[in-house]
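Every number in our numbering is 2 more than the matching position in the sequence shown, counting from 1. A virtual CB, placed ideally from N, CA and C, is assigned to each residue, including glycine. Computed from a prediction, not measured in an experiment: that's the story for all the values here. Inspection log for the structure reproduced underneath, given as structure tokens.
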Amino acid sequence: MEKKSAASAKYDVLSHMLVTTNEGNFMNEMEITEKLMILLVGGFHTTSTVITCILKFSRVIYTDARSKQIWVSAAKRDGEPLNWEDIQKMKYSWNAASEVLKTHTTISRDVSTGPH
């Protein structure tokens with residue numbers, strides 16, 4: 003695997019924010035900080051919101067999704083982590099999470115327009 007020695011907008015979000023311009027203007031430090039915080043908080047709250055809503059609205063969906071996950075993890079050796087192939091086998095869980103995210107937003111403002 004090739005090791006990257008310099009930041010590049012092609013490889014990470016922060017570098018993208020630092021080198022991208024909007025009509026010749028770079029984002030200032032406060033804009034970058036705000037956008038990164040929204041990404042961090044949104045990533046955390048997305049996961050907790052999905053799990054909470056699945057538990058709240060349908061015990062059947064939760065039970066079905068969990069049983070499929072247990073079935074997939076039971077095929078692994080003790081202590082062996084899940085890999086991408088294992089995650090692909092959990093389509094029911096993915097579909098349940100997608101449906102929750104369609105109806106329950108996790109960030110209540112438009113991040114592209116800045117502070118309100």
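Q.
At the level of alpha carbons, what is the spacing between residue 16 and residue 34?
A. Position 14 of the sequence shown holds residue 16. Position 32 of the sequence shown holds residue 34. Distance between the alpha carbons of residue 16 and residue 34: 8 Å.
Self-check item: Alpha-carbon to alpha-carbon, residue 68 and residue 95
Solution: Start at 1 with the first residue of the sequence shown, and residue 95 comes out as number 93. Start at 1 with the first residue of the sequence shown, and residue 68 comes out as number 66. So the two alpha carbons sit approximately 8 Å from each other.
Q) Cβ of residue 99 within 8 Å of Cβ of residue 63? A) Start at 1 with the first residue of the sequence shown, and residue 99 comes out as number 97. Start at 1 with the first residue of the sequence shown, and residue 63 comes out as number 61. No, the Cβ-Cβ distance between residue 99 and residue 63 is not below 8 Å.
- Are the beta-carbon atoms belonging to residue 56 and residue 102 less than 8 Å from one another? Taking the sequence shown and counting its residues from 1, the one referred to as residue 56 is at position 54. Taking the sequence shown and counting its residues from 1, the one referred to as residue 102 is at position 100. It is a contact, given that the beta carbons lie within the stated cut-off.
*For residue 22, the three-state DSSP class (helix, strand or coil)*: Here residue 22 corresponds to residue number 20 of the sequence shown, with the count starting at 1. In the structure shown, residue 22 sits in coil (DSSP, three-state: anything other than H, G, I, E or B).
Give the DSSP-derived three-state secondary structure of residue 85 in the structure shown.
Position 83 of the sequence shown, counted from the start, is the residue given in the question as residue 85. In the structure shown, residue 85 sits in coil (DSSP, three-state: anything other than H, G, I, E or B).
Exercise for the section: Can you tell me which of the three DSSP states residue 127 falls into? Expected result: No answer is possible for residue 127: the residues shown for the chain start at 3 and end at 118.
Using a Cβ-Cβ cut-off of 7 Å (strictly less than) and excluding sequence neighbours within five positions of residue 19, which residues of its own chain qualify? Reading the sequence shown from its first residue, position 17 is the one you call residue 19. Around residue 19: 29, 34 and 37.
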